[in-house]
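Q: Chain order of the listed sequences is E and X.
Residues in the first sequence are numbered consecutively from 264, following the numbering used here.
Residues in the second sequence are numbered consecutively from 410, following the numbering used here.
Dropping a structure here in structure tokens format, bear with me for questions.
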Amino acid sequence: MEEVKLIIDGNNITVPGGSTVLEAARSAGIRIPTLCCHERLEPIGSCKMCFVQINGCAEPQQACKTRVQDTMQVTTDSEQLFSMRRESLRELLLRHPLDCPVCDKAGECLLQDLAYEFGVTDVHQHVNATFETFYPTSLIRYWPERCIVCKRCVTACAEIKQLGAIDIKGEGPTAQVYPAKPERCESCGECLQVCPTGALTENLSRYKTRPWLSKRVMTTCTYCGCGCQMQLNVMNNRVVGMTVPNVFGVNKGSLCVKGRFGYEFINSPERLKKPLIRKNGTLQETTWEEALGLVASQFSRIKKEYGRDSIAGISSARCTNEENYLFQKFMRAVIGTNNVDHCARL
Amino acid sequence: MSETKTMTINMGPHHPATHGVLRLVLELEGETIVNATPHIGQLHRGIEKLAENMNYQQVIPLTDRLDYTAASLNNLGYCMTVEKLMGIDVPKRARYIRVIMSELARIMGHHLWLGSHALDIGAMTVVFYAFKDREKIMNINEELSGYRLTPSFLRIGGVAKDVTPDFIRSVREFIEVFPEALEGYHRLLTDNIIWRKRTMNIGTLSADEAMSWGFTGPSLRGSGVAYDVRKAFPYSSYDDFDFEIPVGDNGDVYDRYLVRMEEFKQSLKIIRQAVENLPEGPVNVDNPLVTNPAIEDVTEDISALIRRFKIQCEGPTAPAEEVYHAVEGSKGELGFYLVGDGTAQPYRLKIRSPCFLLTSALPRLIRGHMLSDVIAIIGSLDIVLGEIDR
């Protein structure tokens, strides 16, 4: 692709043709504040934050939607733009509830950060719309009053997951996200992953921690062999939430329903931590040595009495490739049977 | 022929006359000091390091614990340094309130000095009068801020809240009654023959030498150098007020005593002017990134709630620059050197403690004097270990 030369804030920048002004500015390390724009999504252009002045244009243009042109001269920061951005933020805050003290997102909320950065003051709220709070899944909670209708969630559902389960209904102050096709929802949580505010939160971790109080531990999902990267939010040695950076791993921030919401088993009191052996009809705790000894002796006994093909093995998708390889090797070489199967062989 | 042997003794760290936990290793020949080595660091709390892990607002209560005898002065020095770094201009009313708080703190610090200095030398009566009057300022502090010794009343960009008419009335009452009390101190000590014998020509330091030791504050002025940060580099509207810098002639313990006694009067003069001319207006800078919104707004306005949340939980950020600012503390030039790194926490905070430099000259001052004069000299330097060790 041919290259385009333009000037942003006095810096000569060369970018591939077809890039947006926002991409060009970011490539040069110039920050244009954005709210609806997301690395993994196509430009949405709903937040009115990224306005820039371009030579030859009477009105400021949206940097996320304007393509670069040769000899373009762009100004990203001026008094007019600053006050325009502040007014956009004030508009967004008009229907925002006084939820920061109880909101799980407070502290890493993009809206909050920008409202503070631009020094928004004197928001006289007058909107008292009533909203429907239905969401297709019980794992995700939607707070319509907190929603700034940036359409990130709708776009992510359509573009990343290609499901289109949710959509926007209503106009202006009464606009909200609603489940357009609830039957398509997979509870994957892609919508809450991209939500810049606390409008979409996971229902499991409400009120348990604050972003700056919990420790973020990078780990790999154990549910299947895909190896999705994720961050456990740990507080007081308990997993209380899940965040996923947009840039890491094969998944780039996406997770499935199990990976994103299935962490409560870690601290479950019902979780099996020691081997059990049934003695006289009841399960009793025992040592690993005794348990494995019993299994080995029973395998030997069954193999001797009924033949090697009387035993079959089924393995799990939660094991790694190496563990599955060892398992089949064990079945074939030690037990001596080809009766090996796997839960993912559907 | 018998050989002269010196004796080494430990004074402190738990000696009441070392003004904290200063340990002096004294080498004596008979009762004359041959050599002295101060050992410091036993009150080290790591305030400078602690500050690196707090936001700018949270550091203020730490500064109270530097020179805890005059806490508001430390607040002023720190807050003004942060304001210089962030480029904040404090409203006039707040500056005047700060001056009132600072000068009250200076009087409080001098009260403690006077009482314990006299007590150390043996004039026990003075401490009762001094502490009785010091109590009045503590009550004023308590009325205003809720704290008696460590008010932490100053904030970045202003003060915690506006002063009440009751506060002004209490300060006025204090201004009325204090000159008489000051006369009382003078009657007890200034012409007292024992006092004069114990303090005159003891611990003498010339002007040149005092400067080369890095002396500041009343200890430098006692040697005849009229250096006062309030006059030399006026801050917080000090140039609005009419006051003088008292200086001594000989630079001995008695001169330093006289200088501090005169400073009581000058501080009172400043407070009187500040109270009489207290301007109307806001007590906090009008900057949404620094000033906490009023609590009534927070329950109604989402932008105020967000600002309060961010200011309380994260704190205002400072640019990646470095500044130095000094104020006239009750012991000397109290300076703060602050390095910002663009975050809400200081990258480095260095405190220039006047007492540290005063202590460094202790061996020079007490060499050749009697053991009992050590007490008089330490008292006349008015050192506070909370500030030296930090």
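Cβ atoms here follow ideal geometry from the backbone N, Cα and C, with glycine treated the same way.
1. Is there contact here, the stretch 310-317 of chain E with the stretch 288-299 of chain E, by at least three beta-carbon pairs under 8 Å?
2. Please classify E:Tyr470 as buried or exposed, where buried requires at least 16 other C-beta atoms within 10 Å of its C-beta.
3. Helix, strand or coil: how does DSSP classify E:Ala421 here?
4. With a Cβ-Cβ cutoff of 7 Å, do X:Gly567 and X:Val694 count as a contact?
5. Using a C-beta to C-beta distance shorter than 9 Å, which residues of chain E count as neighbours of X:Arg564?
6. Measuring alpha carbon to alpha carbon, tell me which of E:Asn509, E:Val507, E:Arg523, E:Ile270 ends up nearest E:Cys487.
7. If distances are taken between C-alpha atoms only, which option among E:Arg571, E:Phe381, E:Asn500, E:Gly490 comes closest to E:Gly516?
8. Can you tell me whether X:Arg474 is helix, strand or coil according to DSSP?
9. How far does the beta strand (DSSP E) with X:Tyr746 in it reach, from first residue to last?
10. Classify X:Arg800 as helix, strand or coil using the three-state DSSP reduction.
11. Can the beta-carbon of X:Ala426 be found less than 7 Å from the beta-carbon of X:Ile784?
12. Roughly how many angstroms separate the alpha carbons of E:Ile529 and E:Ile403, rounded to a whole number?
13. Hey, out of E:Ile565, E:Asn543, E:Leu535, E:Asp430, whose CA is closest to E:Trp551's CA?
14. List, in order along the chain, the chain X residues whose C-beta lies closer than 8 Å to that of E:Gly427?
15. Using a Cβ-Cβ distance cut-off of 7 Å, determine whether E:Ala462 contacts chain X.
16. What's the call for E:Ala287, buried or exposed, on a 16-neighbour Cβ count within 10 Å?
17. X:Phe673 and X:His424 - do their beta-carbons sit closer together than 7 Å?
18. Got a sec: is the Cβ-Cβ distance from E:Val610 to anything in chain X below 7 Å?
19. Which residues share a DSSP beta bridge with E:Gly319?
20. With respect to the beta strand (DSSP E) encompassing X:Asn483, which residues constitute its N-terminal and C-terminal limits?
21. When you check each C-beta in the stretch 743-767 of chain X against every C-beta of chain E, which residues fall closer than 7 Å?
22. Whose C-alpha, out of E:Ile271, E:Ser573, E:Cys300, E:Gly382, is nearest the C-alpha of E:Ala419?
23. Any chance you could list the alpha helix (DSSP H) runs of at least 4 consecutive residues sitting entirely within the stretch 380-466 of chain E, in chain order?
24. Across the stretch 446-461 of chain E and the stretch 416-431 of chain E, are there enough close Cβ pairs to call them in contact, namely three or more that are closer than 8 Å?
25. Please classify E:Ile598: does DSSP put it in a helix, a strand, or coil?
26. Does X:Ile497 get closer than 7 Å to chain E when you measure Cβ to Cβ?
27. Can you give me the C-alpha to C-alpha distance between X:Gly788 and X:Met533, rounded to a whole angstrom?
28. Within the continuous alpha helix (DSSP H) that includes X:Ile760, where are the two ends?
29. Starting from E:Ser560, trace the beta strand (DSSP E) both ways and give me its first and last residue.
30. On the criterion of 16 or more Cβ atoms from any shown chain inside 10 Å, does X:Gly555 qualify as buried, or is it exposed?
31. With 7 Å set as the bound, which would you pick, yes or no: does the beta-carbon of E:Leu356 sit closer than that to a beta-carbon of chain X?
32. Counting pairs of Cβ atoms below 8 Å between the stretch 678-698 of chain X and the stretch 353-363 of chain E, do you hit three or more?
33. With 16 as the cutoff for other CB atoms within 10 Å, does E:Gln480 come out buried or exposed?
34. Classify E:Phe381: buried if its beta carbon has 16 or more other beta carbons within 10 angstroms, exposed otherwise.
35. Taking the DSSP output, what are the residues bridged to X:Pro447?
36. Give me the Cα-Cα distance between X:Ala727 and X:Tyr538, rounded to the nearest whole angstrom.
A: Taking the geometry as given:
1. yes
2. exposed
3. helix
4. yes
5. The contacting residues do not exist; X:Arg564 stays about 18 Å from chain E at best.
6. E:Arg523
7. E:Gly490
8. coil
9. 742-748
10. This structure cannot speak to residue 800 of chain X, because chain X is shown only from 410 to 799.
11. yes
12. 20 Å
13. E:Leu535
14. Result: empty, since nearest Cβ-Cβ is about 32 Å, beyond 8 Å.
15. no
16. buried
17. no
18. For chain E, the structure presents residues 264 to 609; residue 610 of chain E sits outside this window and is missing.
19. Bridge partners of E:Gly319: none, in fact.
20. No beta strand (DSSP E) contains X:Asn483, which is instead part of the alpha helix (DSSP H) from 480-495.
21. none
22. E:Cys300
23. 415-422, 453-457
24. yes
25. helix
26. no
27. 14 Å
28. No alpha helix (DSSP H) contains X:Ile760, which is instead part of the beta strand (DSSP E) from 757-761.
29. From DSSP, E:Ser560 is part of no beta strand (DSSP E) but of the alpha helix (DSSP H) over 551-569.
30. exposed
31. yes
32. no
33. Correcting the residue identity first, residue 480 of chain E is Val in this sequence and not Gln. Flag for E:Val480 reads exposed.
34. buried
35. X:Leu433
36. 45 Å
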